[in-house]
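Undergrad:
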Amino acid sequence: MELIHVENLSVRFPEQTEPVLKDLNFTVQKGEIFCITGETGSGKSLTERTIGGLLPAHACLSGTVMWKGRDFYTLKEAEKQSIRKNEMGFVLQNSASALNPLLTCKQQLRLAWKTKSVSDETLCALLQEVKLNPPEKILKLYPFQLSGGMKQRFLIALGIIGSPEILFLDEPTKGLDNALRKDTIALIQNIHKTKKLTIVLVSHDLEMAEEISDSLMVMHGGLIYETGNTKELFRNPIHPYFKRLLDSLPSRGMKTFDGFPLLDRDLNEISNSGDIQSKLMKIDDEHFVRVCAC
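Per UniProt numbering, residue 1 is the first one in the sequence shown, and the count goes up by one each step.
Shown next, in the form of structure tokens:
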């Protein structure tokens, strides 16, 4: 079942002449982990915010973002707020600035809860779900008293309050050491399984994407360069840009490259067979690659 369907989506800001997101087409299926990856400035986070209904008011949008069959940006503001509040959860980037330094963890959880009254036992159970122990102590702490990994888990707890249908995670492992990174990945996998969540994951961490995501979308310069089933993309990377990203991984030798000139010889690596739709070539039913970006 399609939870989110994006068609011909472009986003531009008044102070810029060129769109920052350009003709995006993709679908997020219910129950999957959908990962958006690419370099800094590629448009990952803006794409996530746009499909989550958090596009700034002054932005100019064309195309459609369908939420469960409804055109999200044509809905009344009250309807959009209701969807964001009751059906979506968000864990945005930078855990240090996402929390109110003047409120305890208990106060912040109570503010985020969907009902006016919630017991300490319920709050403790939520903290235990994200491996924050002992929960009674955590409730009394202020954000500055939490480590980076604890802040990240606390933000995930805030994001899953009320059992949303979809959770948006922006760089959940950024800045964490290897041990905390592994713990965070395990936590994401656990809440995905136990709560049957759909997750949209934004990350530079290609190794995490390969490990836990079902679908992968590689972006550069506001464009989709390659997208499809994660296992298929890692098994058979087609676009030179994605190949170079993979080559830069420590597990693949950490090769370096300067910039990204898309040359004719690079295009020769891509098969001439397939259907071209919206500037993406269909390699198979679960694999599409851009052939004309430059």
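Don't be surprised by glycine CBs; every beta carbon is placed ideally from N, CA and C.
1. Helix, strand or coil: how does DSSP classify Gly228 here?
2. DSSP state of Ser215, grouped into three classes?
3. Ser203: buried (16+ other C-beta within 10 angstroms of its C-beta) or exposed?
4. Can you tell which of Thr50, Phe34, Lys30 has the C-alpha that lies nearest to the C-alpha of Lys22?
5. Would you tell me roughly how many angstroms separate the C-alpha atoms of Asn133 and Met208, rounded to the nearest one?
6. Below 8 Å, how does it come out for the segment 3 to 17 and the segment 42 to 62: are there three or more Cβ pairs, yes or no?
7. Leaving out five residues on either side along the sequence, give the residues of the same chain with a beta carbon under 6 Å from the beta carbon of Leu3.
8. Any idea what DSSP makes of Leu126, helix, strand or coil?
9. How is Thr115 classed by DSSP in three states: helix, strand or coil?
10. Check whether the Cβ atoms of Lys174 and Gln93 sit closer than 8 Å, and answer yes or no.
11. Is it buried or exposed for Cys35, if we count other Cβ within 10 angstroms and need 16 for buried?
12. Would you please state the rounded distance, in angstroms, between the beta carbons of Leu246 and Leu206? I believe it to be under 8 Å.
13. Taking the C-alpha atoms as reference points, what is the distance between Leu167 and Leu187?
14. By alpha-carbon positions, which one of Asp120, Glu226, Leu99 ends up nearest to Phe144?
15. Measure from the alpha carbon of Ser163 to the alpha carbon of each residue in Ile138, Lys193, Lys68, then state which is nearest.
16. Is there at least one Cβ from chain D nearer than 8 Å to Glu129's Cβ?
17. Can we count Glu121 as close to the ligand ATP, meaning its CB is less than 7 Å from some heavy atom?
18. Hey, would you say Phe26 sits closer than 8 Å to Ile238, going by beta carbons?
19. Can you tell me which of the three DSSP states Ile238 falls into?
20. Could you give the residue range of the beta strand (DSSP E) that holds Leu201?
21. So, for Leu139: in the same chain, excluding its five sequence neighbours on each side, which residues have a beta-carbon less than 8 Å away from its beta-carbon?
22. Do Asp170 and Val91 come within 8 Å of each other at the CB atom, strictly closer than that value?
23. Quick check: the Cα distance between Gly228 and Gln189, rounded to an integer number of angstroms?
24. Which parts of the segment 44 to 76 are runs of the beta strand (DSSP E), unbroken and 3 residues or longer, counting only runs that do not cross its ends?
25. Determine the burial state of Pro101: buried for a count of at least 16 other Cβ atoms within 10 Å of its Cβ, exposed for fewer.
26. Could you tell me the alpha carbon to alpha carbon distance between Glu15 and Ala57, rounded to whole angstroms?
27. Judging by CA-CA distance, which residue of Gln152, Ala78, Ser251 is the nearest neighbour of Leu176?
TA: According to the structure data:
1. strand
2. strand
3. buried
4. Thr50
5. 25 Å
6. Touching, yes, given that three or more Cβ pairs across the two stretches are closer than 8 Å.
7. Val28, Lys30, Thr198
8. helix
9. coil
10. Yes, Cβ-Cβ distance for Lys174 and Gln93 is below 8 Å.
11. buried
12. Yes, they are in contact, since the Cβ atoms of Leu246 and Leu206 sit about 7 Å apart, within 8 Å.
13. 13 Å
14. Leu99
15. Distance from the Cα of Ser163 is smallest, within the candidate group Ile138, Lys193, Lys68, for Lys193.
16. The structure shown contains no chain D; it holds only a single protein chain.
17. Within the structure as shown, the ligand ATP is missing, as the structure has no ligands at all.
18. no
19. Three-state result, Ile238: coil.
20. 198 to 202
21. Thr104, Cys105, Lys106, Leu109, Asp120, Leu123, Cys124, Leu127
22. yes
23. 20 Å
24. 60 to 67
25. exposed
26. 14 Å
27. Ranked by how close their Cα comes to the Cα of Leu176, the residues Gln152, Ala78, Ser251 have Gln152 in first place.
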